[in-house]
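Numbering (the numbering used here), first residue to last: 143 to 373.
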């Protein structure tokens, strides 16, 4: 829940170099003081979190997360969901059609990031993520280290997200994302994806977040994305 609130705050106020620099220093200090065993573990969720921040930097969006169930079903090859895959492909295709490439890139980053962000990210990885994002923001936005109310709220929300990260629920997160929209037609597309398969996360979790063997439904979202990019 706090992860969703944190991203809504970033969506509202935007990411800044000060935000990432502050969190880099805080997590660096925390890592040096309390070096936990997780620091040296390879954690795919860390890559997922970085991709989410990068996607929010490229083109901020929350409603895109509502399409995660369809991508999970397609890429992880859940069986007997061909109707959902077909209808979902039309819904996602109409959402992305005529969108500029930068928005499609952001959409892909957010989707892949949310699909792979499944576990708690170690503090040392938080430190590296915010260092990388600081460098990216510095190159694209310049060095803005002014202390503002928005930056303070962003840092506090991130620390709360870190503390309560083990409560992160992908299913609830994706459902709540349909509430942040500016267009009723986009909301309609998001709610269709959510209602067509209410048990997607249960099957995803029961399969230990692993893909089903000998399934090729991942071709469909790749085809939809390429079609929207070309046409």
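Glycine included, every Cβ here is placed at the ideal spot set by N, Cα and C.
Roughly how many angstroms lie between the CA atoms of residue i and residue j, to the nearest whole one?
i           : j           : result
residue 342 : residue 215 : 7 Å
residue 298 : residue 248 : 25 Å
residue 200 : residue 351 : 27 Å
residue 227 : residue 261 : 26 Å
residue 180 : residue 186 : Confidence at residue 180 is low in this model, with a pLDDT of 49, below 50, so the placement of that residue should be treated as unreliable; the coordinate-derived value is given next. Roughly 13 Å separates the two Cα atoms.
residue 224 : residue 311 : 25 Å
residue 296 : residue 152 : 6 Å
residue 300 : residue 306 : 10 Å
residue 365 : residue 291 : 43 Å
residue 192 : residue 143 : 18 Å
residue 148 : residue 314 : 14 Å
residue 188 : residue 268 : 8 Å
residue 360 : residue 237 : 19 Å
residue 176 : residue 289 : 27 Å
residue 345 : residue 285 : 45 Å
residue 324 : residue 156 : 17 Å
residue 349 : residue 308 : 20 Å
residue 263 : residue 202 : 22 Å
residue 293 : residue 206 : 24 Å
Which residues in the same chain as residue i place their Cβ atom closer than 7 Å to its Cβ, once the five residues preceding and following it in sequence are excluded?
i           : result
residue 272 : 162, 165, 166, 169
residue 230 : 212, 335, 338
residue 150 : 204, 322
residue 208 : 316, 319, 320, 332, 335, 336
In its own chain, which residues sit with a C-beta less than 8 Å from the C-beta of residue i, not counting the 5 before and 5 after it?
i           : result
residue 221 : 354, 357
residue 363 : 212, 213, 216, 217, 231, 234
residue 276 : 159, 162, 163, 166
residue 194 : 149, 251, 252, 255, 256, 259
residue 282 : 199
For the alpha helix (DSSP H) that contains residue i, what are its first and last residues?
i           : result
residue 150 : 144–155
residue 233 : 224–238
residue 320 : Premise fails: residue 320 is in no alpha helix (DSSP H) and is neither H nor E.
residue 211 : 210–217
residue 256 : 243–258
residue 203 : It is not in any alpha helix (DSSP H) - residue 203 carries neither H nor E in the DSSP assignment.
residue 292 : 291–305
residue 170 : 159–175
residue 282 : 265–283
residue 288 : Where residue 288 is concerned, there is no enclosing alpha helix (DSSP H), given that its DSSP letter is neither H nor E.
residue 366 : 361–372
residue 328 : 326–338
residue 348 : 342–348
Since residue i and residue j should fall inside the 8 Å C-beta cutoff, what is the C-beta to C-beta distance between them, to a whole number of angstroms?
i           : j           : result
residue 367 : residue 246 : 7 Å
residue 160 : residue 278 : With 8 Å as the limit, residue 160 and residue 278 do not qualify as a contact, their Cβ atoms being about 14 Å apart.
residue 197 : residue 251 : 3 Å
residue 256 : residue 210 : 5 Å
residue 242 : residue 173 : Contact doesn't hold; Cβ gap of about 38 Å is too wide.
Please list, in chain order, all residues of the same chain as residue i whose beta carbon is under 6 Å from its beta carbon, the five residues on each side excluded.
i           : result
residue 239 : 370
residue 145 : 303, 310
residue 219 : 353, 354, 357, 359
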